[in-house]
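FYI, our numbering numbers position 416 of the sequence shown as 721, with every residue one higher than the one before it. Backbone N, C-alpha and C fix where the C-beta goes; we use that ideal spot for every residue, glycine too.
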Amino acid sequence: MQFFSTRGESPAVSAAEAISRGLAPDGGLYVPETFPLWQMDWQETACLSYGELAEKIFALYLSDYTAEEIKDIVTNAYGDNFSSAEIAPLVGLSDEQYLLELWHGPTAAFKDMALQALPHLMQKAVAKTNHGEEVIILTATSGDTGKAALEGFKNVDGIKIIVFYPQTGVSEVQKLQMLTTEGNNTYVVGVDGNFDHCQKGVKEIFSDGVMNDALKNANKKFSSANSINWGRLMPQIVYYFWSYGRLVKQGAIKAGEPMGVVVPTGNFGNILAAYYGMRMGLPVGKFVCASNENKVLTDVINTGTYDKRREFYKTTSPSMDILVSSNFERFLFEMCGRDAGKIKAWFGQLATDGVFTVDDATKANWQQILVGGYATQDEINQVIADTWKAEHYVLDPHTAVGVKVCQDYQKTAGDKMPMVIASTASPFKFAEVVYSAICGEEADSIACLGKLSAVTGWEIPVGLRGLTEKPVRHNTNIDNTQMTETVKNIVL
Ligand SMILES: *Cc1c(COP(=O)(O)O)cnc(C)c1O
């Protein structure tokens, strides 16, 4: 299996090469040459464990990894580091709405689903493709990727990891999780700016010729733990197959009938993995892309114009506060018939003018399968409160965006298909928001963890306990123009 760049100006590479590089040299993203078809019938698929399913899906893409290597990666990634033996339980909210709980990993957000596997994928990729270079993982985070990547990569030999996060754009719990990270190879840097500044800075460093030459001379190279890395996306495909298996097993769906997928979206990685699943044969009848007030995706889905020239809102679902959604590029690549020339032109326009418009045929392609919607802050709080009252289920604000947009979709489309909603974080990561939505009173963010647990009877995830007692180990804060300089100081 070969991987191509969406911008068409870098040579095709192996999976190991795509994973160890992260971003293609021409600034594009790596995509698989084809989508291998899932051959097993759905009854049989439903009987596989999460690990068995992951092994089979990984093997379809990682043709340059041995079966033992893949087994080893999967065994290390999906074991008792997850607090649920099922890894990703599917919980029914109603006959037509199911929550896929993706937050039972060590950092209590869905990023663990891929970032518990990526370090193992990366170490083996490096062994296959490198000549003893040290790998420097550069990561931009809107809050959850940072901690999940730090946990995955800490103390991994031959790898250093640097995380950039928006100083005032993450929740108190998210920040403390990152700042207390141990490990002899971890760096956490607060940036005066938002996620888009962090992501743009990282992409610029990746394509900085002078910097890359200096690194080469020092026998080092960059890679990425963001969902621009193929090694992040591939593990995310697994849980959509898994959720379909659960629906079949629970009798909620007949084998072969379609389900819908609702994903609270920021960088478009999670929903893209579901789309890739469909291309492999997974019966998905509809994709619903759910946004918060930063609804650049809702707008482009409806109009065909991607316009990032708009106000940036800081919301209570900070992991989705994103205006430049990287993986939309991979989706567009498929929608425009894999025309790399078009992708290059559109993303060139986005970089220079902040806006581009796709042709009608491209837009018509996605409008058959994809709808977009968004939820306001008030709606999010209402859904959290209502769901607690009616179902005694505690939603985090990101998942609440998904639930609200799902309700809207089902109302307007009159669709009876069972919808799987990606539940992307534990409510305890955003305890102050959830507590105030449920109880109608404010409380200090860290104190809220205990209060939320007392009120709901839900347990605080292990990774979030005792956060305030841990020493703060990282305290670097910079202006968003100093990212290159900061990286230089750390690695050279
Ligand atoms: C990262 C994240 C999202 C957005 O996922 P994308 O793959 O970037 O679209 C949604 N919710 C939570 C809690 C997240 O951490």
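Residue state for Gln-479 is assigned as helix, using DSSP reduced to three classes. If you check the C-beta of Phe-592 against ligand 1, you find no heavy atom less than 7 Å away. In the displayed model, Leu-700 falls within coil according to three-state DSSP, outside both helix and strand. Ligand 1 has a heavy atom closer than 7 Å to the beta-carbon of Thr-450.
Here the stretch 582-601 makes contact with the stretch 544-553; the two share three or more CB pairs at distances below 8 Å.
Residue environment: His-502 is assigned as buried (16 or more neighbouring CB atoms within 10 Å of its CB, all protein chains considered). By the Cβ test, the stretch 775-787 is in contact with the stretch 489-499, since at least three Cβ pairs between them sit closer than 8 Å.
Just measuring C-alpha positions, the residue of Asp-612, Ala-359, Asn-435 sitting nearest Val-543 is Ala-359. Going by C-alpha positions, Trp-535 is about 43 Å away from Glu-746. In this chain, the beta strand (DSSP E) harbouring Ile-726 covers 724-728. For Lys-619, the CB contacts under 7 Å within the same chain, skipping 5 residues up- and downstream, are Gly-474, Asp-626 in chain order. Scanning Asp-331, Glu-374, Tyr-492, Arg-312 for the CA closest to the CA of Thr-781 turns up Tyr-492. Taken in chain order, the complete beta strand (DSSP E) segments of 3 or more residues contained in the stretch 517-553 are 525-529.
Excluding sequence positions up to five before and after Lys-429, its CB lies within less than 6 Å of the CB of Glu-374, all in the same chain and listed in chain order. The closest CA to that of Phe-308, considering only Ala-690, Ala-351, Ile-467, Tyr-366, is found on Tyr-366. Between Gly-332 and the set Val-566, His-409, Ser-631, the nearest pair of CA atoms involves Ser-631.
Taking all protein chains in view, the Cβ of Thr-371 is surrounded by fewer than 16 other Cβ atoms within 10 Å, so the residue is classified as exposed.
In this structure Asp-417 is buried. Its beta-carbon is surrounded by 16 or more other beta-carbon atoms within 10 angstroms. Taking 8 Å as the upper bound for CB-CB distance, Pro-394 and Met-564 are not in contact here, some 16 Å apart. The C-beta of Ala-695 has fewer than 16 other C-beta atoms within 10 Å across all chains shown, which makes the residue exposed. In the three-state reduction of the DSSP assignment, Gly-333 falls in the coil class, being assigned neither a helical nor a strand state. The three-state secondary structure of Gly-590, taken from DSSP, is strand. Here the alpha carbon of Ala-557 sits roughly 7 Å from the alpha carbon of Asp-400.
Rounded to the nearest whole angstrom, the C-alpha separation of Ile-743 and Ala-690 is 5 Å. Within 7 Å of the C-beta of Ile-648 there is not a single heavy atom belonging to ligand 1. Under the criterion of beta carbons closer than 8 Å, Pro-702 and Ser-388 do not qualify as touching, at roughly 21 Å. The stretch 432-450 and the stretch 458-471 touch, with no fewer than 3 CB-CB distances between them shorter than 8 Å.
In the structure shown, the three-state DSSP call for Thr-339 is coil.
Burial is judged here by how many other beta carbons sit within 10 angstroms of a residue's own beta carbon; Thr-339 has fewer than 16 and is exposed. Out of Ser-528, Lys-559, Leu-481, the CA that lies nearest to the CA of Phe-458 is found in Ser-528. Assignment of Lys-429 by DSSP, reduced to helix, strand and coil, places it in the helix class. Contact between the stretch 589-602 and the stretch 672-681 is present, with at least three C-beta pairs closer than 8 Å. For Glu-639 and Thr-350, the gap between their C-alpha atoms comes out near 27 Å. Annotation: Val-507 to Ala-560 spans about 43 Å, alpha carbon to alpha carbon. The Cβ-Cβ distance between Tyr-580 and Leu-398 does not fall below 8 Å. Across the structure, Lys-649 and Ala-669 are spaced so that their CA atoms are roughly 20 Å apart.
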